[in-house]
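Note that the sequence shown ends on residue 165 in full-length UniProt numbering; no numbers are left out.
In this text, a Cβ means the ideal position worked out from N, Cα and C, and glycines have one as well.
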Amino acid sequence: MQRLDSQVYARTTWVKDKWAIMYAWFFPKARAPFPVLRFLGHRHGWEYAIVWLDKPNADNSTILGVSVSAAAGWAKEAPPPEKYLDGNSLKVAYYYNHIHGNTAVKYTDETGEFQDLITWNQLSDLARSYLNNTDWDETPLNAALLKMPMKDDVFMKKLKSAYPF
């Protein structure tokens, strides 16, 4: 994924019998719902991808499925096509639709770069509290009703709706 002044977070848990890793990109300056109406856009943007593994062992696990946030729900693959994988990494790219003004994460067959990230458990209690309790533009001007996907009350709902099996 190209650098767009984003911040990358990761959070993990078991869902049914699969180990889920959610990667979330925070964009401090998100897009408007329609390019002509940029002043109506939301301030904060979140895009996310989920990698579904057979076990949490980084050295000896298999990618069983992948899910990425899309303009209208999820794009899900189980198993993922090899062209979207680079070893044990999923290849994704940030996508902006210039006609509709919406954003998403999409699968790509292009090799990119790795980005630094911080895991949910590496965050301080204060940082987790801030991420959980910030409004994140859940306002009438947030046409897509975007929410921070790693909030305690949102995380499992997102994982269950993205489950590709």
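Reduced DSSP secondary structure (H/G/I, E/B, other) of residue i
i: R3; result: Its pLDDT being 49, under 50, R3 is placed unreliably by the model, and nothing is read from it.
i: Y163; result: coil
i: A127; result: helix
i: K106; result: strand
Selected residue, minimal CA-CA separation from residue i, among the options
i: F155; options: W120, L126, S124, A127; result: W120
i: S69; options: H98, T62, Y23, V15; result: Y23
i: V8; options: I118, P164, S129; result: I118
i: N88; options: N133, H98, P149, G65; result: G65
i: V15; options: P56, R128, P81; result: P56
i: E110; options: D17, D135, W25, E82; result: E82
Cross-strand partners of residue i (DSSP beta bridge)
i: A20; result: T13, W52
i: D86; result: S89
i: V66; result: V51, E77
i: I118; result: Y9
i: F27; result: G45
Residues near residue i by beta carbon distance below 6 Å, same chain, minus five either side
i: W74; result: S67, A162
i: K151; result: N132
Close-in-space but distant-in-sequence residues of the same chain around residue i (CB under 8 Å, 5 per side omitted)
i: T108; result: Y84, K91, V92, A93
i: L159; result: T13, V15, A20, M22, I50
Same chain only: Cβ atoms within 7 Å of residue i, ignoring 5 sequence neighbours per side
i: L4; result: Confidence is the limiting factor: at L4 the pLDDT is only 46, short of 50, which leaves the residue's position unreliable, though a coordinate-based value still follows. Closer than 7 Å at the Cβ level, and outside the excluded window around L4, lie F27, Y94.
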